[in-house]
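Visitor: Numbering-wise, our numbering puts 422 at position 423 of the sequence shown, and it's gapless, one number per residue. Would you mind keeping the following structure in view while I ask a few things?
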Amino acid sequence: MNESRAPGLIRPEAEERVEIDMASVLAALRRSLRWLLPLTIAVAVLAFVVLQLVPAKYRSESKVLIETSDIVYPGDARGVEEERALLDNEGIQSQVELLMSRDLLRRVAKRLDLASEAEFQGGGGSLVSDMFVALGMLRDPGRSSLEERVLKTLYEHLDVFRVDGSRVITVRYTSRDAELSARVANGIVEEYLNLQSSVKRETTDLAATALETQIERLQGEVKEAQEKVEAWRSQAGLLLGADNQTLDQQQLGEISTQLSDARAAQSQAEARAKLIREQLRSGGSLESANEVLNSQLIQRLVERQVELRGRIAELSTTLLPNHPQIRALRSQLDDIDRQVRQEAAKIASGLENEARIQRERVASLNETLDELKTRAGKSNEDQIRLRELEREAQVKAAQLDQLMTRYREADTRRNAPLLGADARVISRATVPLEPYSPKVGPITAILTVVTFLLGALVVVLGQFLSGRAFVSVPLDDEHEDAGAPDTVAAMSAPRETGGAESARHAHDDLNQGQWRASAGAMAGYGGMA
0 MNESRAPGLI RPEAEERVEI DMASVLAALR RSLRWLLPLT IAVAVLAFVV LQLVPAKYRS
60 ESKVLIETSD IVYPGDARGV EEERALLDNE GIQSQVELLM SRDLLRRVAK RLDLASEAEF
120 QGGGGSLVSD MFVALGMLRD PGRSSLEERV LKTLYEHLDV FRVDGSRVIT VRYTSRDAEL
180 SARVANGIVE EYLNLQSSVK RETTDLAATA LETQIERLQG EVKEAQEKVE AWRSQAGLLL
240 GADNQTLDQQ QLGEISTQLS DARAAQSQAE ARAKLIREQL RSGGSLESAN EVLNSQLIQR
300 LVERQVELRG RIAELSTTLL PNHPQIRALR SQLDDIDRQV RQEAAKIASG LENEARIQRE
360 RVASLNETLD ELKTRAGKSN EDQIRLRELE REAQVKAAQL DQLMTRYREA DTRRNAPLLG
420 ADARVISRAT VPLEPYSPKV GPITAILTVV TFLLGALVVV LGQFLSGRAF VSVPLDDEHE
480 DAGAPDTVAA MSAPRETGGA ESARHAHDDL NQGQWRASAG AMAGYGGMA
């Protein structure tokens, strides 16, 4: 502790510490206001003037919602997978890339005649860029075509992005011309919708053209397949009759029906003849047989029997049973009864003959049926081949029907006046009223504040680096309370009185021992810790 110190500040051989003199720092800041305030004002004025000279830029944006088209033509409906492929994240990002494609921007540039705009013609580069061009490190813009320069300018000022959490795509364009910025943003969106519609129409035209060729080829194949079916049917004798059945099948069905009818008629005739024979043998009444009652002769004979019985009954009231007249009437009655039985026997014989005829018919039909079954068995292979040819013809005919349906749908879409795009504009770009850049007020205010803060920081750092921001305070118990005011008074006395000689001595003493005092104080802090 033998270093030289400013006289009157700290007593020799006393322990001391270093503190920041905030009064000195604040005094330095107050003195710096003489040059810091004019500098800050000058920077603010300069920034305001420069920003006034910077060309204003206007920004316009248009928003598109990706969705399926409301205009649905026949065959234009999509499946679930197609809907998902259009509306998922990859599908939306694909639409973003389409909006930024060179072909789309080239169409927009041609449609809006952007090459005639001064902004897209390109001017002279900066001195640095010209130097790099001269050194061969950059490409000379003058060698690029006008179309390339227009597209380059479009890409530099165009921003297309998807709004997070939605299927909305924003098309944003920045330009020095407010009207041009809105016109380009709307032009890109309109051309995007037109491109989608034109792509749909081109796809439909290609599909219709391809379908026409396929339909012509398939029509020939269907005709050839049908001709093969008819030729094989004629060759194999499988001609069709009613209900799309072959003649053999039709005959087989008819013979089966006739055979059933013949067997039924045979059984019925035999049963009726048997019934009449039994009644004749047993001497029973023949009135229960329908065939006997249906005979006109028997009906007349029965009527005659009724008359004779009535006559006999009438005469029996006045004559005896053996009277010749009654006996004659009974003889007539017996003769009529004999005639009735004879006639019934004839009817039974007729029924038996009919039964024999039906029996012979059944036998004949059985032979015919067996022959047809044999022929049907032999034609099975032909029918199998015929069915194969028919299936082939039916498959080709079904394919032709499907192609015809798709062709009619494609032709309907092709002739439609408008094919809706898979998107719609939900917000058109309008001409901005105020430029988005440069913001004169905020930028000027920020530069002013930054300049003032940097100037103040320089002053404070100067105080710390020169050591004038530090002051030594003794740690002696006896003089700790009194020494600090004396020291502060000794430090501030030269500045407050303004004496040149006292200030000079104090300054020299501080320059000689300040850093050593600071080092000692830091070492003391380390020992105490």
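Where is the CB? At the ideal position from N, CA and C, for every residue including glycine.
Less than 8 Å between the beta carbons of Ala397 and Gln195, yes or no?
Guide: Here the question's residue 397 lines up with position 398 in the sequence shown. Here the question's residue 195 lines up with position 196 in the sequence shown. No, the Cβ-Cβ distance between Ala397 and Gln195 is not below 8 Å.
Visitor: I need the DSSP call for Arg161, collapsed to helix, strand or coil.
Guide: Residue 161 sits at position 162 when you count from the first residue of the sequence shown. In this structure, Arg161 counts as strand in the three-state DSSP scheme.
Visitor: With 16 other CB atoms within 10 Å as the buried threshold, where does Val198 fall?
Guide: Against the sequence shown, residue 198 aligns to sequence position 199. Answer is exposed; the Cβ neighbour count stays below 16.
Visitor: In whole angstroms, give me the CA-to-CA distance for Pro493 and Thr447.
Guide: Locating residue 493 in the sequence shown gives position 494, where the first residue counts as 1. Locating residue 447 in the sequence shown gives position 448, where the first residue counts as 1. Confidence at Pro493 is low in this model, with a pLDDT of 40, below 50, so the placement of that residue is unreliable and no value is reported for it.
Visitor: Sorted by chain position, which residues of the same chain lie with C-beta nearer than 6 Å to Leu399's C-beta, five sequence neighbours on each side aside?
Guide: Against the sequence shown, residue 399 aligns to sequence position 400. Leu217, Val221, listed in sequence order.
Visitor: Only counting the same chain, and skipping five residues up and downstream in sequence, which positions put a Cβ closer than 6 Å to that of Arg33?
Guide: Along the sequence shown, read from residue 1 onward, the residue named residue 33 stands at position 34. So no residue of the chain qualifies.
Visitor: I want to know whether the segment 260-277 touches the segment 382-392 - three or more CB-CB distances under 8 Å.
Guide: With the cut-off at 8 Å, the segment 260-277 and the segment 382-392 do not touch.
Visitor: Which residue or residues does DSSP assign as beta-bridge partners of Phe451?
Guide: Translated into the one-based positions of the sequence shown, residue 451 becomes position 452. According to DSSP, which records beta bridges pairwise, Phe451 is partnered with nothing at all.
Visitor: Where do the N-terminal and C-terminal ends of the alpha helix (DSSP H) with Thr152 fall, by residue?
Guide: Taking the sequence shown and counting its residues from 1, the one referred to as residue 152 is at position 153. First-last of the alpha helix (DSSP H) with Thr152: 145-156.
Visitor: Given a threshold of 16 other Cβ atoms within 10 Å of its Cβ, counted over all protein chains shown, does Lys109 qualify as buried or as exposed?
Guide: Numbered from 1 along the sequence shown, position 110 holds the residue referred to as residue 109. Answer is exposed; the Cβ neighbour count stays below 16.
Visitor: Take the Cβ of His156 as the centre, count every other Cβ of all protein chains shown within 10 Å, and call the residue buried at 16 or more, exposed below.
Guide: Working through the sequence shown from its first residue, we reach residue 156 at position 157. So His156 ends up on the buried side.
Visitor: Suppose the cutoff is 6 Å on Cβ atoms and the five residues either side in sequence are ignored; what does the same chain contact list for Leu456 look like?
Guide: Taking the sequence shown and counting its residues from 1, the one referred to as residue 456 is at position 457. Here the set comprises nothing.
Visitor: Return yes when the Cβ of Asp336 is within less than 8 Å of the Cβ of Gln540, no when it is not.
Guide: Because the chain spans 0 through 528 in this model, residue 540 falls outside it and cannot be assessed.
Visitor: Under 8 Å between the Cβ atoms of Thr203 and Ala409?
Guide: Walking along the sequence shown from the start, residue 203 turns up at place 204. Walking along the sequence shown from the start, residue 409 turns up at place 410. Closer than 8 Å, so yes.
Visitor: Is it the case that the Cβ atoms of Thr39 and Thr450 are separated by a distance below 8 Å?
Guide: Stepping through the sequence shown from its first residue, residue 39 is reached at position 40. Stepping through the sequence shown from its first residue, residue 450 is reached at position 451. Going by C-beta atoms, Thr39 is nearer than 8 Å to Thr450.
Visitor: Suppose the cutoff is 6 Å on Cβ atoms and the five residues either side in sequence are ignored; what does the same chain contact list for Leu192 look like?
Guide: Residue mapping note: residue 192 aligns to position 193 of the sequence shown, counting from 1. Cβ within range, chain order: Ala420.
Visitor: In the structure shown, what three-state DSSP assignment does His504 receive?
Guide: Counting from one through the sequence shown, the residue named residue 504 turns up at place 505. Only weak support is given to the placement of His504: the predicted model assigns it a pLDDT of 41, under 50, and the value that follows is read from those uncertain coordinates. Of the three classes helix, strand and coil, the one that applies to His504 here is helix, per DSSP.
Visitor: In the DSSP assignment, find the unbroken beta strand (DSSP E) run with Glu15 in it and report its ends.
Guide: In the sequence shown, counting from the first residue as 1, residue 15 sits at position 16. First-last of the beta strand (DSSP E) with Glu15: 15-19.
Visitor: Do you know whose CA, among Glu118, Val167, Val162, lies nearest Leu145's CA?
Guide: The residue you call residue 145 lines up with position 146 of the sequence shown. Nearest option by C-alpha distance: Glu118.
Visitor: Ordered along the chain, which non-local residues of its own chain (more than five positions away) have a Cβ less than 8 Å from that of Ile91?
Guide: For the purposes of this step, residue 91 is taken as the residue at position 92 of the sequence shown. Excluding positions up to five away in sequence, the list reads Ile65, Arg161, Arg166, Ile168.
Visitor: Do the CB positions of Ala235 and Asp381 come within less than 8 Å of each other?
Guide: Translated into positions along the sequence shown, residue 235 becomes position 236. Translated into positions along the sequence shown, residue 381 becomes position 382. Yes. Within cutoff.
Visitor: With distances taken from CA atoms, which of Asn352, Val159, Ala224, Glu60 is nearest Glu178?
Guide: What you label residue 178 is simply residue 179 of the sequence shown in a count that begins at 1. Minimum Cα distance to Glu178 is reached at Glu60.
Visitor: Does Lys372 come out as helix, strand or coil in the three-state DSSP assignment?
Guide: As a first step, residue 372 is located in the sequence shown; it is residue number 373 there, counting from the start. DSSP places Lys372 in helix when its eight states are reduced to three.
Visitor: Less than 8 Å between the CB atoms is what I'm expecting for Tyr435 and Arg58, so what's the real figure, rounded?
Guide: Taking the first residue of the sequence shown as 1, we reach residue 435 at position 436. Taking the first residue of the sequence shown as 1, we reach residue 58 at position 59. With a Cβ gap of about 4 Å, Tyr435 and Arg58 count as contacting.
Visitor: Return the first residue and the last residue of the beta strand (DSSP E) that Thr169 is part of.
Guide: Translated into positions along the sequence shown, residue 169 becomes position 170. Run containing Thr169: 167-174, per the beta strand (DSSP E) assignment.
Visitor: Using the Cβ count rule (16 or more neighbours within 10 Å means buried), how would you classify Ile187?
Guide: The sequence position of residue 187 within the sequence shown is 188, counting from 1. Ile187 is buried by the Cβ-count criterion.
Visitor: Applying the criterion that 16 or more other CB atoms from any shown protein chain within 10 Å of the CB defines a buried residue, is Pro37 buried or exposed?
Guide: Your numbering for residue 37 matches position 38 in the sequence shown. It is exposed - the Cβ of Pro37 has fewer than 16 other Cβ atoms within 10 Å.
Visitor: Cutting at 7 Å between CB atoms, please list the residues of its own chain near Val149, excluding the five before and the five after it.
Guide: In the sequence shown, the residue the question calls residue 149 occupies position 150. Excluding residues within five positions, the ones whose Cβ falls inside 7 Å are Ala108, Leu113, Ala114, Phe119.
Visitor: Within 10 angstroms of its Cβ, does Thr173 collect 16 or more other Cβ (buried), or is it exposed?
Guide: As a first step, residue 173 is located in the sequence shown; it is residue number 174 there, counting from the start. Buried, by the Cβ-count rule.
Visitor: Hey, could you find the ends of the beta strand (DSSP E) Lys438 is sitting in?
Guide: Locating residue 438 in the sequence shown gives position 439, where the first residue counts as 1. Premise fails: Lys438 is in no beta strand (DSSP E) and is neither H nor E.
Visitor: Could you spell out the range, first to last residue, of the alpha helix (DSSP H) harbouring Ser315?
Guide: In the sequence shown, counting from the first residue as 1, residue 315 sits at position 316. Taken as a continuous stretch (DSSP letters only), Ser315 belongs to no alpha helix (DSSP H), as it is neither H nor E.
Visitor: Quick one, which of Ala428, Met99, Lys438 has its alpha-carbon nearest Ser539's?
Guide: Because the chain is modelled from 0 through 528, residue 539 falls outside the range shown and cannot be assessed.
Visitor: Quick one: what does DSSP say Glu66 is sitting in, helix, strand or coil?
Guide: As a working note, residue 66 is residue 67 in the sequence shown. In the structure shown, Glu66 sits in coil (DSSP, three-state: anything other than H, G, I, E or B).
Visitor: Determine which residues share a DSSP beta bridge with Glu60 and list them.
Guide: Residue numbering aside, residue 60 sits at position 61 when the sequence shown is read from its first letter. DSSP, once it has assigned bridges, lists Arg171 as partnering Glu60.
Visitor: Would you kindly check if the distance between the Cβ of Ala392 and the Cβ of Val170 is under 8 Å?
Guide: The residue given as residue 170 occupies position 171 in the sequence shown. The residue given as residue 392 occupies position 393 in the sequence shown. No, they are not a contact pair.
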